[in-house]
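Trainee: Mapping of the sequence shown onto numbering that gives the first Met the number 0: residues 0 to 464, in sequence order.
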Amino acid sequence: MDIIVWGTGGLFQKFKEYLFQINIIRFCDNDIRKQGSCINGIEIISPDEIVNYEFSYIVIMTYNTSNIYQKLTEMKIPANKILLYNQVLLLTNKQISVQRNGSEILFDKWKEKNKKAVLLLSHQFGYSGVPVALKNMALIIKKMGYSVLMAAGSGGSFTEELRLLGLDYMENVDLCYGTECFKGILSHFSIIIVGTLDLYRIVETWKKINVPVLWWIHETYEMYYEGKNILPDNRNIKYLAGGNRVKKIFKKHYLNTEIEKLQYYIPDTKHKYCENRKHNHMITVAMIGAIDPRKAQDVFLVAVKQLPKKYICKFKFIIIGKMTCKDQAFINIIENAKIAMRQIEWMEELPQEELDQYYENIDVLICPSRDDPMPIVVTQAMMHEKTCIVSDEVGQAEFIIHKKNGFIFKSEDRRALKETLMWVADHRECLSMIGRESREIYDREFSEKIMLEKLSVIFQEVIQE
Numbered sequence: 000m001d002i003i004v005w006g007t008g009g010l011f012q013k014f015k016e017y018l019f020q021i022n023i024i025r026f027c028d029n030d031i032r033k034q035g036s037c038i039n040g041i042e043i044i045s046p047d048e049i050v051n052y053e054f055s056y057i058v059i060m061t062y063n064t065s066n067i068y069q070k071l072t073e074m075k076i077p078a079n080k081i082l083l084y085n086q087v088l089l090l091t092n093k094q095i096s097v098q099r100n101g102s103e104i105l106f107d108k109w110k111e112k113n114k115k116a117v118l119l120l121s122h123q124f125g126y127s128g129v130p131v132a133l134k135n136m137a138l139i140i141k142k143m144g145y146s147v148l149m150a151a152g153s154g155g156s157f158t159e160e161l162r163l164l165g166l167d168y169m170e171n172v173d174l175c176y177g178t179e180c181f182k183g184i185l186s187h188f189s190i191i192i193v194g195t196l197d198l199y200r201i202v203e204t205w206k207k208i209n210v211p212v213l214w215w216i217h218e219t220y221e222m223y224y225e226g227k228n229i230l231p232d233n234r235n236i237k238y239l240a241g242g243n244r245v246k247k248i249f250k251k252h253y254l255n256t257e258i259e260k261l262q263y264y265i266p267d268t269k270h271k272y273c274e275n276r277k278h279n280h281m282i283t284v285a286m287i288g289a290i291d292p293r294k295a296q297d298v299f300l301v302a303v304k305q306l307p308k309k310y311i312c313k314f315k316f317i318i319i320g321k322m323t324c325k326d327q328a329f330i331n332i333i334e335n336a337k338i339a340m341r342q343i344e345w346m347e348e349l350p351q352e353e354l355d356q357y358y359e360n361i362d363v364l365i366c367p368s369r370d371d372p373m374p375i376v377v378t379q380a381m382m383h384e385k386t387c388i389v390s391d392e393v394g395q396a397e398f399i400i401h402k403k404n405g406f407i408f409k410s411e412d413r414r415a416l417k418e419t420l421m422w423v424a425d426h427r428e429c430l431s432m433i434g435r436e437s438r439e440i441y442d443r444e445f446s447e448k449i450m451l452e453k454l455s456v457i458f459q460e461v462i463q464e
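1. When the Cα atoms are used, what is the spatial distance from residue 157 to residue 461?
2. Assign residue 357 to buried or exposed, taking buried as 16 or more other Cβ atoms, counted over all protein chains shown, within 10 Å of its Cβ.
3. Considering Cα atoms alone, identify which of 51, 48 and 198 is closest to residue 121.
4. Do residue 370 and residue 195 have their beta-carbon atoms positioned less than 8 Å apart in this structure?
5. In the DSSP assignment, find the unbroken beta strand (DSSP E) run with residue 123 in it and report its ends.
6. Roughly how many angstroms separate the alpha carbons of residue 420 and residue 59, rounded to a whole number?
7. Rounded to whole angstroms, what is the Cα-Cα separation between residue 54 and residue 92?
8. Rank 187, 372, 106 and 333 by C-alpha distance to the C-alpha of residue 223 and give the top, closest one.
9. What are the boundary residues of the alpha helix (DSSP H) that includes residue 302?
10. Could you work out which residue in 413, 411, 380 and 417 is closest to residue 405 when comparing CA atoms only?
11. Would you list the residues sitting across from residue 401 in a DSSP beta bridge?
12. Among 401, 353, 395 and 427, whose alpha-carbon lies nearest the alpha-carbon of residue 362?
13. Just to confirm, are residue 260 and residue 243 a CB contact at a threshold of 8 Å?
14. Please identify the residue among 56, 50, 347 and 105 whose C-alpha is closest to the C-alpha of residue 22.
15. Considering residue 259, what are the terminal residues of the beta strand (DSSP E) in which it resides?
16. Hey, out of 80, 139, 297 and 40, whose CA is closest to residue 52's CA?
17. Mind checking which residues open and close the alpha helix (DSSP H) that includes residue 254?
18. Given a threshold of 16 other Cβ atoms within 10 Å of its Cβ, counted over all protein chains shown, does residue 179 qualify as buried or as exposed?
19. Taking the continuous alpha helix (DSSP H) assigned at residue 19, which residues delimit it?
20. Nearest to residue 131 by alpha carbon, out of 99, 111 and 155?
21. Take residue 34 as the anchor and find which of 388, 6 and 84 has the nearest alpha-carbon.
22. Run the CB neighbour count on residue 463, radius 10 Å, all protein chains shown included, and call it buried at 16 or more, exposed below.
23. Buried or exposed, going by whether 16 or more other CB atoms sit within 10 Å of the CB of residue 387?
24. Pull up the distance between the alpha-carbon of residue 324 and that of residue 112, whole angstroms please.
25. Just to confirm, are residue 375 and residue 389 a CB contact at a threshold of 8 Å?
26. Any contact between the region 248-260 and the region 429-436? By contact I mean 3 or more CB pairs, one from each, below 8 Å.
27. Quickly, what does DSSP pair residue 371 with across the bridge? List them, please.
28. For the beta strand (DSSP E) containing residue 168, list its first residue and its last residue.
29. What is the DSSP secondary structure of residue 12, counted as helix, strand or coil?
30. Excluding the five sequence neighbours on either side, which residues of its own chain have a C-beta within less than 8 Å of the C-beta of residue 184, listed in chain order?
31. Give a yes or no on whether the C-beta atoms belonging to residue 298 and residue 367 are separated by under 8 Å.
32. Which residue comes first and which comes last in the beta strand (DSSP E) that contains residue 98?
33. I need the boundaries of the beta strand (DSSP E) containing residue 210, first residue and last residue.
34. Return the first residue and the last residue of the alpha helix (DSSP H) that residue 129 is part of.
35. Looking only at its own chain, which residues have a Cβ that is under 7 Å from the Cβ of residue 10, when we skip the five neighbours before and after it?
36. Determine the DSSP secondary structure at residue 153, reduced to helix, strand or coil.
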C-alpha cells in the first residue's frame, strides 16, 4: 500500500511514528518553503504534483480538512482514495483495542466483561488538568458501580499512572474516531463524558449517537471558543462547567444553551504524606505548572527579582514544570532567568505521587496565571493546607478571602505580587492558620463527598431521560 501524506505540521509530528509503519511515497504541503525538502529521505511535493504519482490513498494530516478535501475533489481524486487523519486506522488490519494491566486486548473482548460502562474522553494523556480531573472522576464512577474506560486523542506519560491505578485506557483516538468502527463502540456505553471543548471536532461526528453525553467544559480562554460558534445540536448532550469562570464565558458565547456547574474533585492524600514535612528556616514558595505565557512565570520572576535583599534571603523559590511554550521571546525570558536568578530552583514535571509528597515541604503556592479556569495545583495545595497566592484570573479566586484563607492580586501586577511576598515574610506565623482556612475551601468545593453527591444526581437525570 502506497500513500501520500498531506500535511507535515503538528498533527503529523504527533503521529509520525505510526504513519512511518506504512509505505509513504511522498509528502505534500502547501508551504512552499517546505516543498523540495525531505523527511526521512522522502520528498515533500506541492499539491499540483500529486497527479504525477500512483498511490493507494492520500492521507490528510491536518485538522483543517475541508479545504484540502475540496482541492483534491477538484483535482478529480476519487473520494475512496482520500482518508482524513481520523480514519488512519483503516490503513491497517489493526482493530480498536484497550490497554488493560499492561496488556492489549480487543475492545470486543473488553466489552464482554464490562456491561455497565462509562467512557471518559480527554484530548491527550499528559500531566495536565483535564486528564487528571477525568482520572479522579473515573475513580468516583467506579465506586458508583460502573466500569470505566479512559480514552484520549493522543498518548502521553500519564498512561503509566492509569496502569498503576488499574484504569483501562485507549490511546490515539484521533486516528480512528472518524471510522464507523469507532462510532459503533460508543453504543456500548451507558454514558460518555467528554473532558474539554477542544474535542469539539469529535463530538461533531456523534449526531447519530443516542448515548447520553456529559460535555465537561473547562476552558476560559477566548481563543478556545473561536470557530465554535455553533455547538453540535445533539439533544443527548448535557453541558457541565468546571467552575463559575467557565460558566460565564460559555454563556457569553452560547446564550441559549443551558450549562450546569460541576467542579472536579481530587483525592484527599494529605494523611499519606503529613509525616514527610521537613523543617526549613526559610519560607518555601513553589510555582507548579507548564512553563507557558498563560501560566505567567515571567510575572513571578519579575516580582522575585524586585524583592529587597533583606527579603530574598527569607525565601526558597522553586519552579516545577515542563516547557510547553513555543514563543521564543518567552523561552528566552525563562532561559535567562535560569542563568541569572540563582535563588530559584528549577525542576522538571513530577508524577502525581511525587508531587503530592512535595507539597508537604512547601509553605506557599503561587499561581499568577493570566487565565486559568480552576488549576488543579491550587486545589492540591489547599488540600495540603498550604497558603495560596493567586491572580484574579485564576478560578479559585472566587473562594478566597484576601489574607484570611489565601491571597489575591490583580493579574499582571508584579508590584502587588512582590508586596504580598513581603507581607508573607513579615507574618510567617500566620501561614499555618491561613493554610487551615484554605483546606476548608477544598472540603467544601473539591472533596470526594461533594463530587459523589453531584455526579450521582446527574447520572440519574441523564439515564432516565
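A virtual CB, placed ideally from N, CA and C, is assigned to each residue, including glycine.
Mentor: Once the coordinates are examined:
1. 30 Å
2. buried
3. 198
4. no
5. 116-123
6. 51 Å
7. 19 Å
8. 372
9. 296-304
10. 380
11. 405
12. 427
13. yes
14. 56
15. 258-260
16. 80
17. Careful: residue 254 lies outside any alpha helix (DSSP H) and carries neither H nor E.
18. exposed
19. Looking at the DSSP string, residue 19 is not in any alpha helix (DSSP H), and its letter there is neither H nor E.
20. 155
21. 6
22. exposed
23. buried
24. 42 Å
25. no
26. no
27. 393
28. 167-169
29. helix
30. 95, 106 and 110
31. yes
32. 96-99
33. No beta strand (DSSP E) contains residue 210, which DSSP labels as neither H nor E.
34. 128-142
35. 60, 61, 62 and 84
36. strand
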